[in-house]
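Per the numbering used here, the very first residue in the sequence shown carries number 1; after that it's consecutive.
The C-beta atom is built at its ideal place from N, Cα and C for all residues, glycine as well.
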Amino acid sequence: MTLTRDQVMDKVVALTKRRGFIYPSSEIYGGLSGFYDYGPYGMTLKRAIRDLWWRHMVELRDDVVGLESTLMMPSAVWEASGHLTNFVDPLRQCLGECKKRWRADQVTGEKCPECGGPLDDARMFNLMFKTYVGPLEDRASEVYLRPETAQGMFVDFKNVINSTRVRVPFGIAQQGKAFRNEITPGNFVFRVREFELMEMEYFVRPQQDDEWFAYWRNERVRWYTEVLGIQPSRLRFYDHPTESLSHYSKQTTDIEYEFPFGWGELEGIADRTDYDLAVHQERSKQDLTYLDPETNERYLPWVIEPAVSVERIFITLLLDAYDEDVVNNEPRVVMRLHPNVAPVQVAVVPLSKKEELIRVAKEIVQMLRGQFRVEYDQTGGHIGRRYRRQDEIGTPFCITVDFDTLNDRAVTIRHRDSTEQERVPVDALGARLAEVLKGPP
Ligand code: ATP
1 MTLTRDQVMD KVVALTKRRG FIYPSSEIYG GLSGFYDYGP YGMTLKRAIR DLWWRHMVEL
61 RDDVVGLEST LMMPSAVWEA SGHLTNFVDP LRQCLGECKK RWRADQVTGE KCPECGGPLD
121 DARMFNLMFK TYVGPLEDRA SEVYLRPETA QGMFVDFKNV INSTRVRVPF GIAQQGKAFR
181 NEITPGNFVF RVREFELMEM EYFVRPQQDD EWFAYWRNER VRWYTEVLGI QPSRLRFYDH
241 PTESLSHYSK QTTDIEYEFP FGWGELEGIA DRTDYDLAVH QERSKQDLTY LDPETNERYL
301 PWVIEPAVSV ERIFITLLLD AYDEDVVNNE PRVVMRLHPN VAPVQVAVVP LSKKEELIRV
361 AKEIVQMLRG QFRVEYDQTG GHIGRRYRRQ DEIGTPFCIT VDFDTLNDRA VTIRHRDSTE
421 QERVPVDALG ARLAEVLKGP P
């Protein structure tokens, strides 16, 4: 069915609230702009995204190790990295009625987009949240909530090379919360103030950045399309022009997705050269060079960094998967999520509330639990309605236990996308589901 992209955004927002994917943070107190909580299905989807990223970026590779560094880091780190000076957005405030604040690069002209009032001159606004460690609120106790996880990898670089057996080229990966005091959070969870970054710093020999930059561009798109099932036609590369590069970058490519509000950055891949290691070496007065055992050379490795937030992938997956069609002359909403990410992979539904059926259904849930993300669904309403509820949250397979099951020990697997049904013996169910659910490794 053809839906306009605007309609899709509204529908996805409504669905995710209705079905417990997302709640505004602290809603009973009026919410907090740019912050969201994730309900049962939402947090499961986020966890699936996180796990698949970790699996493909770390576990299935022999050249990447993991790290968990702290969320708060001293000012010295951000001074050295350049974030205190450069992690800024130009801010303009409306001097008219609404007093709204805008990112200067997102407004055109001199008038407030909301009320038409005059705007003040642009001034720079640092996006980092500052707080204090200890009882004194003075300069010495200032710390910042990290706006990226990357600095943890650079600050711990020496520890990692001294305590593990990594050899260039290798990567250090990290997932964890990051905070940015965005001037204009919005487009649902596309731009929020607290989010979870997944970043990998891939250290290579100096000047060998171009080939690894090309490698990671391709590898990341492969992950989005093959592992997460995102439609390739809605992805494209955007190469940043030199004048708009971040202070640390030699070249940056965004993997963009065609959002309802236009093409937007899903993931950024940056060639950070040896910028970060060099500034930390200089400021900390510690030797951060790497001794290459093959060539006996000492150098600061260069860095390629793929960076994306769980939230950007979350919103992308839902927008990409949302669809409406007609089944049995009735319109249906269906989330065509890849089985790898579906919050519920298998729903087990007894045809009626008869005791014997419920017993078998619960046995099946027990049998499948641990292997798949399973939900037992005995809510009222006829079977068609329950299928629809599962379609709406993207469940790829429903297992129906009916009266024949009591005689033939077989159940029906109902496929979400085709709505086709197949009969499978209970004993063969686990193997059959593993087969149909199996994506790439
Ligand atoms: P922008 O210029 O749009 O503010 P940026 O280019 O500074 O963003 P990066 O530093 O490249 O953003 O961020 C890396 C990745 O982190 C992005 O591709 C995106 O997936 C995610 N990200 C960045 N900011 C946010 C945010 N406010 N909310 C959710 N995800 C974010």
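| query | result |
| --- | --- |
| Buried versus exposed call for K455 [16 or more other C-beta atoms within 10 Å across all chains shown] | Examination of residue 455 is not possible in this model, given that the chain is present from 1 through 441 alone. |
| Distance between beta carbons of S75 and Y144, contact taken as under 8 angstroms | 7 angstroms |
| Simplified DSSP assignment, three categories, for M445 | There is simply no residue 445 to check, as the chain begins at 1 and stops at 441 in what is shown. |
| Alpha-carbon to alpha-carbon, F35 and R466 | Because the chain is modelled from 1 through 441, residue 466 falls outside the range shown and cannot be assessed. |
| CB of T400 within 8 angstroms of CB of V349, strictly | yes |
| Extent of the continuous alpha helix (DSSP H) to which I364 belongs | E355 to L368 |
| Heavy atom of the ligand ATP within 7 angstroms of L318 beta-carbon | no |
| CA-to-CA distance, V426 to E392, given in whole angstroms | 26 angstroms |
| C-alpha gap between L119 and L95, whole angstroms | 6 angstroms |
| Contact set for Y41: own chain, Cβ-Cβ below 7 angstroms, skip 5 residues either direction | R19, G20, F21, P343 and I393 |
| G442 beta carbon near the ligand ATP (any heavy atom closer than 7 angstroms) | In the structure displayed, the chain extends from 1 to 441; residue 442 sits before or after that span and is not available. |
| S309 - partner residues in DSSP beta bridges | L197 |
| C-alpha gap between K111 and G117, whole angstroms | 6 angstroms |
| Limits of the beta strand (DSSP E) - the one that L145 falls within | E142 to L145 |
| Cα-Cα separation, Q208 to Y290 | 15 angstroms |
| Reduced DSSP category for P232 - H, G, I as helix; E, B as strand; rest coil | helix |
| Close Cβ partners of P232 (< 7 angstroms) along its chain, the five nearest in sequence each way excluded | T225 |
| Closer than 7 angstroms: A307 CB and nearest the ligand ATP heavy atom | yes |
| Endpoints, alpha helix (DSSP H) assigned at Q378 | From DSSP, Q378 is part of no alpha helix (DSSP H); its letter is neither H nor E. |
| Under 8 angstroms between C-beta atoms of A214 and G268 | no |
| Range of the contiguous alpha helix (DSSP H) that encloses H280 | Y275 to S284 |
| heavy atom of the ligand ATP below 7 angstroms from E219 C-beta | no |
| Within 8 angstroms, strictly: CB atoms of P276 and F129 | Looking at the sequence provided, one finds Asp at residue 276 rather than Pro. Not a contact, by the Cβ cut-off of 8 angstroms. |
| The ligand ATP heavy atom lying under 7 angstroms from the CB of V227 | no |
| Exposure of V322, with buried meaning 16 or more beta-carbon neighbours within 10 Å | The sequence shown places Tyr at residue 322, not Val. Y322 comes out buried. |
| V107: CB within 7 angstroms of a non-hydrogen atom of the ligand ATP | no |
| Start-to-end residues for the beta strand (DSSP E) that takes in Y224 | From DSSP, Y224 is part of no beta strand (DSSP E); its letter is neither H nor E. |
| Nearest-angstrom beta carbon gap, W53 and Q151 [assumed within contact, 8 angstroms] | Actually they do not touch by this definition, with Cβ atoms about 20 angstroms apart. |
| Bounding residues of the beta strand (DSSP E) (the contiguous stretch that carries T412) | A410 to H415 |
| As assigned by DSSP and simplified to three states, the class of P440 | Note that P440 scores a pLDDT of 45, beneath 50, so its modelled location is shaky and nothing firm can be said. |
| Those residues which DSSP pairs with L270 across a bridge | Correcting the residue type first, residue 270 is Ala in the shown sequence and not Leu. Bridge partners of A270: T252 and E305. |
| Beta-carbon proximity list for L300, same chain, < 8 angstroms, skipping 5 on both sides | P206, D274, L277, A278, Q281, L288, T289 and Y290 |
| Cβ neighbour criterion (16 or more within 10 Å) applied to I161 | buried |
| Status (buried if at least 16 other CB within 10 Å, exposed otherwise) for L67 | buried |
| Proximity of V455 and R123 at Cβ, strictly below 8 angstroms | In the structure as shown, the chain begins at 1 and stops at 441. Residue 455 is therefore absent and cannot be evaluated. |
| Assigned secondary structure, D287 (DSSP; H/G/I helix, E/B strand, else coil) | coil |
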